[in-house]
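Take a look at the structure below.
And the structure:
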């Protein structure tokens with residue numbers, strides 16, 4: 061599978077699209093950014109990036125997206141559920157969510173921060189947490205901000221924006237990460253959530269292996285469901301990979317893979333409304349029966365029972 065941070069859409073059977081850089085696909089120019097690391101967008105130069113996405117198809121995003129509304133309102137659809145974001149509100153959309161823009165008021169003013177998985181890994185590591193797309197998938201958070209909180213996050217945003225709009229310099233990413241650390245801590249306090257606590261040494265080679273495995277899993281779990289594939293890609297043994305995963309998350313590599321595939325299956329059924337046959341085909345199961353057995357083994361219920369429970 062091609063690199064998920066390329067500007068190409070990845071299609072499965074011409075139906076299911078994920079890992080799309082929706083902003084590049086729709087030719088939306090960021091206010092500032094560094095390719096494959098961070099993108100900033102706002103409405104302060106007479107543009108409205110969300111309005112440009114209004115007619116785009118619902119798209120599964122692989123970056124983390126934070127939208128801060130300063131004036132007006134915006135209605136978005138996340139995994140088929142509408143969310144209204146109004147003045148002094150923040151919505152933080154984790155990777156793996158399917159996004160659709162429904163409405164922007166004429167007076168809307170906002171700014172957005174989009175971080176890519178590699179950079180998010182580094183930020184979470186530095187503030188003492190681990191970042192797992194598989195564990196955070198299909199989640200989004202919304203909260204109101206006080207006037208002071210909005211001023212604080214806006215000040216941080218402007219500092220990042222000023223730095224990125226200036227000339228590049230040595231160690232720039234280190235400085236950017238430091239500012240993003242502060243923004244992430246602010247967001248965590250506003251949204252009252254915490255990522256997964258880091259249980260091991262975040263500076264070790266093992267942690268680097270762990271983060272690389274999660275990134276690979278997020279990109280390739282549709283096609284590859286064996287521990288050996290990820291171990292070979294990382295150049296390590298399958299036993300060592302499972303040891304590393306258990307050390308940092310108390311789950312072995314096989315469990316991580318099963319849960320990642322199951323999350324994708326749930327998204328296909330719940331969000332995209334695919335049939336069991338289509339879902340099993342997209343996920344590269346040889347038959348519907350084998351997919352159903354896999355799903356029940358991991359979740360305790362069949363995909364049909366899961367689908368019925370969501371009605």
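In the numbering used here, the protein residues as written are 61 to 371.
Backbone N, C-alpha and C fix where the C-beta goes; we use that ideal spot for every residue, glycine too.
Quiz item: Are the beta-carbon atoms of residue 339 and residue 328 separated by less than 8 Å?
Solution: yes
Quiz item: At which residue ranges does the region 134-179 contain complete beta strand (DSSP E) runs of 3 or more residues, listed in the order of the chain?
Solution: As far as the region 134-179 is concerned, its whole beta strand (DSSP E) runs of at least 3 residues are 141-146, 149-153, 158-164 and 169-175.
Quiz prompt | Test: residue 116 CB closer than 8 Å to a CB of chain D | solution = Although the question refers to chain D, the structure presented lacks it and comprises just one protein chain.
Quiz prompt | Proximity winner among 218, 189, 158 and 181, relative to residue 170 (alpha-carbon distances) | solution = 218
Quiz item: How would you write the range of the alpha helix (DSSP H) that residue 373 sits in, first residue to last?
Solution: Any property of residue 373 remains undetermined from this structure, which presents the chain solely from 61 to 371.
Quiz item: Under a Cβ-count criterion, where at least 16 other Cβ atoms within 10 Å of its own Cβ denotes burial, should residue 332 be classed as buried or exposed?
Solution: buried
Quiz item: Considering only the beta carbon of each residue, do residue 129 and residue 112 sit closer than 8 Å?
Solution: no
Exercise. Give the straight-line distance between the Cα atoms of residue 201 and residue 125, rounded to the nearest whole angstrom.
Key: 11 Å
Quiz item: Which value, in whole angstroms, describes the spacing of the CA atoms of residue 360 and residue 221?
Solution: 47 Å
Quiz item: Nearest-angstrom Cα distance between residue 94 and residue 179?
Solution: Answer to the nearest angstrom: the Cα atoms are 11 Å apart.
Quiz item: Taking C-alpha atoms, which residue in 173, 267 and 324 lies nearest to residue 284?
Solution: 324
Self-check item: Cβ shell of residue 353 (< 7 Å), same chain only, five flanking positions each side left out
Solution: none
Exercise. Closer than 6 Å by C-beta to residue 151: which residues in its own chain qualify, once you throw out the five before and the five after it? Chain order, please.
Key: Within the same chain, and ignoring the five residues on either side of residue 151 in sequence, the residues whose Cβ sits closer than 6 Å to its Cβ are 127, 145 and 202.
Quiz item: To the nearest whole angstrom, what separates the beta carbons of residue 148 and residue 210, a pair I think is in contact under 8 Å?
Solution: 5 Å
Quiz item: residue 286: buried (16+ other C-beta within 10 angstroms of its C-beta) or exposed?
Solution: exposed
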